[in-house]
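Take the sequence shown: its position 7, counted from the start at 1, is 7 in the working numbering, and no numbers get skipped.
Where a beta carbon is used, it is the ideal one built from N, C-alpha and C, also for glycine.
Please read the structure below before turning to the comments.
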Amino acid sequence: MTAIPPALESHLAGEVTTHCFCWIIRRKDSVIHGFTDHDRSLLVSGVACEPQTGLSASEATNSLGLGVDSAEIEGALSSASITDSDIERGAFDAAIVETWLVNWASPDQLTLLRSARIGAITRSGGKFVAETKSSAVDLDKVSGRRITRLCDAQLGDNRCGHAGGAQTGMAVTIISDREIVVSGHQPPNADWFDNGTLTWTSGANAGRANVVLNHAPFGNAIRLSLRDAQIPDVKAGDQFSLLPGCDKSFAQCQAKFANSVNFRGFPHLPGNDAAYNYADGKGNFDGKPLVP
1 MTAIPPALES HLAGEVTTHC FCWIIRRKDS VIHGFTDHDR SLLVSGVACE
51 PQTGLSASEA TNSLGLGVDS AEIEGALSSA SITDSDIERG AFDAAIVETW
101 LVNWASPDQL TLLRSARIGA ITRSGGKFVA ETKSSAVDLD KVSGRRITRL
151 CDAQLGDNRC GHAGGAQTGM AVTIISDREI VVSGHQPPNA DWFDNGTLTW
201 TSGANAGRAN VVLNHAPFGN AIRLSLRDAQ IPDVKAGDQF SLLPGCDKSF
251 AQCQAKFANS VNFRGFPHLP GNDAAYNYAD GKGNFDGKPL VP
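Spelled out as structure tokens, the structure:
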């Protein structure tokens, strides 16, 4: 239940009201944007909210229980503070959106209606639609260890125990928004960087990570094909760090990284095919491990 300050509650109970809605977007990189559907700027919770008539929100509901509440914010890319490039590079991913009810005639009369997190963002022409989800979405995240055949550690972290073998490199040629030619890498074999993680360390995309689909020789350099969303504003000379790919399997952990002693999965765990099979003498039911 939303707690409304007495002054604002008294105002809303009157015959004539002067209220509006304000949205404050707090990005993960500490950048804050403020907008309002009023026709002039308002200072809300210490944030200057600029008038944006093209910004609107769908109906939002707050429900009891563990269900994830969702809503949408729709607007035009008419504000100088929100650019198409920022949306493309993921600057607004997982940003916090606060929805405020404000008495524009007396901005100190305000109440926070909802705080949510931006999920998927879709764009069409000069318009964007951002889906927002309540904090209950965190309950869908996996916490703790999982009993699976595959490893649940990340290559190079403390649980993995392997150094990772990251190599630094630099973009040389931009073929497309998903293919680049890079230098500074020496892959030991043809699939070394497949499913690897590329993290940009300089340029407009610094801090952003992409997954490498595959790589191939390209003259004296190599060409990387990226699996994730397109990379905006990549320029020759941008630097990055590239981890080799790991498919989380016991076989690759043993053969590619010689790190089977630190494998964090359960490779001997029988699957449904073994658990529900008949002991007819044809299957492997002698108690030996399924994975050597």
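Consider the Cβ of residue i: report whether some Cβ of chain D lies at a distance smaller than 8 Å.
i: residue 90; result: In the structure shown, chain D does not exist; there is a single protein chain.
How is residue i classed by DSSP in three states: helix, strand or coil?
i: residue 262; result: helix
i: residue 250; result: helix
i: residue 11; result: helix
i: residue 255; result: helix
i: residue 6; result: helix
i: residue 115; result: strand
i: residue 155; result: coil
i: residue 224; result: strand
i: residue 87; result: helix
i: residue 101; result: strand
i: residue 150; result: coil
i: residue 139; result: helix
i: residue 241; result: strand
i: residue 109; result: coil
i: residue 95; result: coil
i: residue 171; result: strand
i: residue 26; result: strand
i: residue 31; result: coil
Let me check you understand the geometry: is the CB of residue i closer than 7 Å to at least one non-hydrogen atom of the ligand SAM?
i: residue 184; result: By its list of ligands, the structure shown contains no ligand whatsoever, and the ligand SAM lies outside what it can speak to.
In chain order, what residues of the same chain have a beta carbon less than 8 Å from the beta carbon of residue i, not counting five sequence neighbours either side?
i: residue 95; result: 25, 26, 27, 28, 117 and 118
i: residue 99; result: 21, 22, 23, 57, 60, 112, 113, 114, 115 and 116
i: residue 266; result: 147, 148 and 149
i: residue 208; result: 89, 90, 199, 200 and 231
Please state whether the Cβ-Cβ distance between residue i and residue j is less than 8 Å.
i: residue 184; j: residue 169; result: yes
i: residue 97; j: residue 20; result: no
i: residue 154; j: residue 242; result: no
i: residue 34; j: residue 15; result: no
i: residue 36; j: residue 42; result: yes
Based on Cα-Cα distance, which residue from the options lies nearest to residue i?
i: residue 87; options: 97, 120, 113 and 193; result: 120
i: residue 190; options: 223, 200, 162 and 198; result: 223
i: residue 253; options: 151, 181, 221 and 218; result: 151
i: residue 161; options: 46, 111 and 264; result: 264
i: residue 113; options: 5, 257 and 262; result: 5
i: residue 158; options: 92, 172 and 259; result: 259
i: residue 247; options: 213, 217 and 181; result: 213
i: residue 238; options: 109, 47 and 182; result: 182
i: residue 108; options: 9, 39, 217 and 234; result: 9
i: residue 236; options: 188, 200 and 3; result: 200
i: residue 82; options: 31, 39, 132 and 38; result: 31
i: residue 268; options: 219, 255 and 250; result: 250
Sorted by chain position, which residues of the same chain lie with C-beta nearer than 7 Å to residue i's C-beta, five sequence neighbours on each side aside?
i: residue 244; result: 165, 192, 193 and 196
i: residue 91; result: 27 and 29
i: residue 11; result: 17, 103 and 109
i: residue 2; result: 111 and 113
Going along the chain, which residues of its own chain have a beta-carbon closer than 6 Å to the beta-carbon of residue i, five neighbours each way excluded?
i: residue 122; result: 129
i: residue 198; result: 210, 212, 240 and 242
Secondary structure, beta strand (DSSP E): runs of 3+ residues fully inside the region 184-213 = Every unbroken stretch of the beta strand (DSSP E) spanning 3 or more residues and falling wholly within the region 184-213 is given here in chain order: 197-200.
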